[in-house]
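In what follows, a structure is listed as structure tokens, so that the remarks can point back to it.
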Ligand SMILES: *Cc1c(COP(=O)(O)O)cnc(C)c1O
């Protein structure tokens, strides 16, 4: 009854004729790597966010890492971040030989709690990486205030937050550096890809150079109309550049940002209406003057009211042919971070509560309202299997 005929994947990208034609055009053009389309995509992006600079990269992770490298974060430094995030957010801190320090999240939107950040600041603290979880902006006024008072760099993980706004300002235009993701499941995709935004005049050149081997000029300019120019090697840089096949997809995806968001927003509202009155489910809240990017639709299963843990309920939903996800199991409970000495000391009650209870439901423009309705039915059936109440 509740089981669909066909499995509904947790996510499907929305790739159309426009993307395919733009990629084909790139393939025929003879210029495949970083070039004119990457430049056009960067220009569109910085116009959209309203920053001086946007740098195309091969991932959001690369943008987070380069921000730390350029800011001189290294051995002995501490960087405060959220435990409710994808491993990349904290791994880049370790890449620099610095220590991730996890601050607990707010229970109502699972974003990092500024009061908890403040408690963890030591003389070693050099940066904060807030994560705009699911597309809900963090409390940036409080975070920027802490950063200012303690002289910390703010690197925003905006993997979920392409369209997000905080007090009328676009995410990407507030902290020192912001990194966006175009991974296959994100709000827009280039397959793999990322974009770094900043207004920092002093560091943008260094970051750009670091993103392509640490050499002074990219190939496009070296062999272009301006004639031959030698490159110079300044840093032991990285291979993080975006290339034109990615940018081709991005240029076309970019045109549909608003349409994509409109659909996700409508589906999120349908989910909210359906689950609002269920005591077994806690919904995430929208707090303050914000625009939500609705990257993920996350519910918190109040398993204390049920006779099974999250994974059993999740399995039940999947059995009804609905693909679901878990965003995220708390990082400080992962083997890597438990192993690093001192990490067992962490008591982060809100993160741990959510870690064992979150389920993400399908939310993407390729879905139909029927798919949303099927998902709602499957969630209700999954919960009903382990409680007395009938839905
Ligand atoms: C997806 C994701 C990343 C990593 O993005 P990539 O583009 O794959 O590097 C980082 N942080 C969060 C919160 C994410 O969801």
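In our numbering, the protein residues as written are 2 to 392. Quick reminder that beta carbons are idealized off the backbone N, C-alpha and C, glycines included.
Residue burial annotation: residue 375 is buried, with at least 16 other C-beta atoms found within 10 angstroms of its C-beta. Counting only unbroken stretches of 4 or more residues, the alpha helix (DSSP H) elements lying wholly within the region 254-331 are 258-276, 311-320, in sequence order.
Residue pairing by DSSP places residue 158 opposite 132, 180 in a beta bridge. In this structure the region 141-158 touches the region 171-183; the number of beta carbon pairs closer than 8 Å is three or more.
Per DSSP, the beta bridge partners of residue 80 are 101, 128. By the beta-carbon neighbour count (other beta carbons within 10 angstroms, threshold 16), residue 62 is buried.
Taking a C-beta distance under 8 Å as the contact criterion, residue 23 and residue 250 qualify as a contact pair. For residue 383, the secondary structure class from DSSP, reduced to helix, strand or coil, is helix. For residue 17, the secondary structure class from DSSP, reduced to helix, strand or coil, is coil. In the structure shown, residue 367 adopts coil according to DSSP, grouped into three states. Residue 265 counts as buried, since at least 16 other C-beta atoms from the protein chains shown sit within 10 angstroms of its C-beta.
As a beta-bridge residue in DSSP terms, residue 170 pairs with 167.
The C-beta separation of residue 83 from residue 195 comes to about 19 Å, leaving the pair out of contact by the 8 Å criterion.
A residue is called buried once 16 or more other Cβ atoms fall within 10 Å of its Cβ, and residue 168, having fewer, is exposed. In the pairwise beta carbon analysis, the region 139-152 is classified as not touching the region 268-280: fewer than three pairs are separated by under 8 Å. Leaving aside the five residues that flank residue 293 on each side, the residues in its chain whose CB is nearer than 7 Å to its CB run, in chain order, 136, 137, 165, 287.
Less than 8 Å divides the Cβ of residue 319 from the Cβ of residue 325. Only residues of its own chain outside the window of five on either side were considered, and among them 71 have a CB closer than 6 Å to the CB of residue 204, listed in chain order. Relative to ligand 1, the nearest heavy atom lies less than 7 Å away from the CB of residue 86. In this model, residue 182 and residue 382 are separated by some 34 Å (Cα to Cα). With 16 or more neighbouring CB atoms inside 10 Å of its own CB, residue 282 falls in the buried class. Between residue 111 and residue 285, the C-beta gap is smaller than 8 Å, which places the two residues in contact. Remark: the shortest separation between the CB of residue 198 and any heavy atom of ligand 1 does not fall under 7 Å.
Annotation for residue 199: no alpha helix (DSSP H) segment contains it, though the beta strand (DSSP E) segment containing it runs 195-199.
A Cβ-Cβ separation of about 25 Å leaves residue 192 out of contact with residue 215 under the 8 Å criterion.
In this structure, ligand 1 has a non-hydrogen atom nearer than 7 Å to the beta-carbon of residue 132. Separation of residue 269 and residue 364 (C-alpha to C-alpha, rounded to the nearest whole angstrom) is 7 Å.
In the DSSP assignment, residue 58 is bridged to 195, 242. Membership of residue 208 in the alpha helix (DSSP H) is indicated by the continuous run 202-212. Set against 7 Å, the gap from the CB of residue 182 to the closest heavy atom of ligand 1 is smaller.
Relative to ligand 1, the beta carbon of residue 60 is positioned inside 7 Å of a heavy atom. Cβ atoms of residue 211 and residue 236 come within 8 Å of each other, at about 6 Å. Burial check for residue 198: the Cβ neighbour count within 10 Å reaches 16 or more, so the residue is buried.
Assigned with DSSP and collapsed to three states, residue 337 falls in helix. Using a Cβ-Cβ distance cut-off of 8 Å, the region 352-363 and the region 306-315 are in contact, since at least three pairs of beta carbons, one from each stretch, lie closer than that value. Scanning its chain for C-beta atoms nearer than 8 Å, with the 5 sequence neighbours on each side dropped, one finds around residue 171 the residues 49, 50, 51, 165, in chain order.
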